[in-house]
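Trainee: In the working numbering, the protein residues as written are 53 to 331. Quick reminder that beta carbons are idealized off the backbone N, C-alpha and C, glycines included.
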Amino acid sequence: MASPTLVKTPDDVRRRELAAFLRSRRERISPEEVGLPPGGRRRTPGLRREEVAQLAGVGVTWYTWLEQGRDIRASDQVLAALADTLRLDAHERSHMFTLAGSTRPVEPSECRALTPQMHEILQQLHPLPAGVLNGRMDILGCNPAYEWVFGLEDIPFEDRNAMLLLFVRPGWRDRLLDRAETMPRAVAQFRASMAGHVADKNWKCLVRELRAKSPDFESLWSRHEVRWMDNMTKRFDYPEAGLLEFNYTNLWFGPRSETRLCTFTPSTQDTWDKLRARF
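1) In the DSSP assignment, find the alpha helix (DSSP H) that holds PHE209 and state where it starts and stops.
2) Going by DSSP, name the residue or residues bridged to ASN299.
3) DSSP three-state label for GLY183, please.
4) Taking just the CA atoms, how far does LEU70 sit from MET148?
5) Would you mind working out which of VAL201, MET235 and LEU74 sits nearest LEU216, comparing C-alpha positions?
6) Looking only at DSSP bridge pairs, what is CYS194 linked to?
7) GLU233: buried (16+ other C-beta within 10 angstroms of its C-beta) or exposed?
8) Given 8 Å as the limit, is there contact between the stretch 74-89 and the stretch 127-144, that is, 3 or more CB pairs closer than that?
9) According to DSSP, is ARG312 part of a helix, a strand, or is it coil?
10) Rounded to the nearest angstrom, how far is the Cβ of SER245 from that of GLY187, given a contact under 8 Å?
11) Compare the C-alpha of LEU303 against each of ARG101, THR311 and GLU297 and name the closest.
12) Leaving out five residues before and five after LYS286 in sequence, what residues of the same chain have Cβ atoms less than 6 Å from its Cβ?
13) Is it true that the stretch 239-254 meets the stretch 271-289, where meeting means three or more beta-carbon pairs spaced less than 8 Å apart?
14) What are the partner residues of TYR290, as DSSP defines its beta bridges?
15) CB LEU218 to CB GLY193, shorter than 8 Å?
16) Below 8 Å, how does it come out for the stretch 246-263 and the stretch 195-207: are there three or more Cβ pairs, yes or no?
17) So if DSSP puts LEU228 in a beta bridge, which residue, or which two residues, is it bridged to?
18) Measuring alpha carbon to alpha carbon, tell me which of ALA264, THR315 and ARG263 ends up nearest ASP282.
19) Hey, how far is the Cα of GLU270 from the Cα of ASP322?
20) Using only CA atoms, which one of ALA152, VAL130 and LEU262 lies nearest to GLN120?
21) Let's test the definition: count the other Cβ atoms within 10 Å of the Cβ of ALA126 and tell me whether it reaches 16, buried, or not, exposed.
22) Using DSSP with H/G/I as helix, E/B as strand and the rest coil, what is TRP280?
23) Compute the Euclidean distance between the alpha carbons of ILE81 and GLY183, then round it to the nearest angstrom.
24) Only counting the same chain, and skipping five residues up and downstream in sequence, which positions put a Cβ closer than 7 Å to that of THR116?
25) For ARG212 and ILE191, which I take to be in contact (beta-carbon distance under 8 Å), what is that distance rounded to the nearest angstrom?
26) Among ALA108, ARG122 and THR150, which has the Cα closest to the Cα of LEU134?
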């Protein structure tokens, strides 16, 4: 007789997502970054569970259960210690607290810099694809048209980074028809933006992840090329709609702001027709 199917509750799903998130962030940190010896050959990348537990000041068994998605509760103090150990940025920290079921208010972050008025502007621009990005290329907010063109619907918020999408997600990159020109330009622009953040651990962590996961990024990064962001035309080969062509425009929030509104205005009547048919 077949065993009954277990129905997963929302809490089960949340704990499973938390477990996967913790593992992914643990695996991206090397022992040397946190002052630990390499420890010889490792079967998996990054830190071991016992090392995370030691650095965060929690029990190894308790942390293992957390990564296994078991039904355990973590205090805000413990979650903060884990966030520091795993070197989470503001977006990742907020995401972890939410997955852990914390009632702690969301800490201020660049994402919260998007006022209700800014969110309203994004929606009013629809069906023009529009999004807000910071200097590190994190996508802080966007409208449905932008999500559709860039295929973001199934990508978690904390992974919505244009550099990761371009260099680590082949399916996303394959939509860009001019990627041979886009990829070198993107790396040069990213390096220029990083000039003011060379000691920032979140930027350094992103570069390390890109270099480890993308030979293309590693090769381009070694060129040390820099360039400012410019407005241009971008072409996409969308699976359902075919060729889409846009004029890409950056609008910065202020004279010294690294946060910008990016809009994509159709450059052909055919692209306009496809957007209007979709939305």
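Mentor: Once the coordinates are examined:
1) Judged by DSSP secondary structure, PHE209 falls outside any alpha helix (DSSP H); it is assigned neither H nor E.
2) Under DSSP, ASN299 forms a beta bridge with THR285 and THR317.
3) In the displayed model, GLY183 falls within a strand according to three-state DSSP.
4) Whole-angstrom Cα-Cα distance: 7 Å.
5) Comparing Cα-Cα distances from LEU216 to each of VAL201, MET235 and LEU74, the minimum goes to MET235.
6) Answer is GLY183, bridged to CYS194.
7) By the neighbour-count definition (other C-beta atoms within 10 Å, threshold 16), GLU233 is an exposed residue.
8) With three or more CB-CB distances shorter than 8 Å, the stretch 74-89 counts as touching the stretch 127-144.
9) Strand at ARG312.
10) Between SER245 and GLY187, the beta carbon gap of about 4 Å places them in contact (Cβ cut-off 8 Å).
11) That would be THR311, whose Cα lies nearest to the Cα of LEU303.
12) Cβ neighbours of LYS286 beyond the five flanking positions: PHE298 and TYR300.
13) The stretch 239-254 makes contact with the stretch 271-289: 3 or more CB pairs, one atom from each, lie closer than 8 Å.
14) Answer is GLY294, bridged to TYR290.
15) No, the Cβ-Cβ distance between LEU218 and GLY193 is not below 8 Å.
16) Touching, no, given that fewer than three Cβ pairs across the two stretches are closer than 8 Å.
17) DSSP lists PHE288 as the beta-bridge partner residues of LEU228.
18) Taking only the C-alpha atoms, the option nearest ASP282 is THR315.
19) Rounded to the nearest angstrom, the two C-alpha atoms are 37 Å apart.
20) Looking at the Cα atoms, ALA152 is the closest of the given residues.
21) Buried, because 16 or more other Cβ atoms sit within 10 Å of the Cβ of ALA126.
22) It is coil, neither helix nor strand.
23) Going by the C-alpha atoms only, they are around 30 Å apart.
24) ARG101.
25) Rounded to whole angstroms, the Cβ separation of ARG212 and ILE191 is 4 Å, and the two are in contact under 8 Å.
26) Out of ALA108, ARG122 and THR150, ALA108 has the C-alpha closest to the C-alpha of LEU134.
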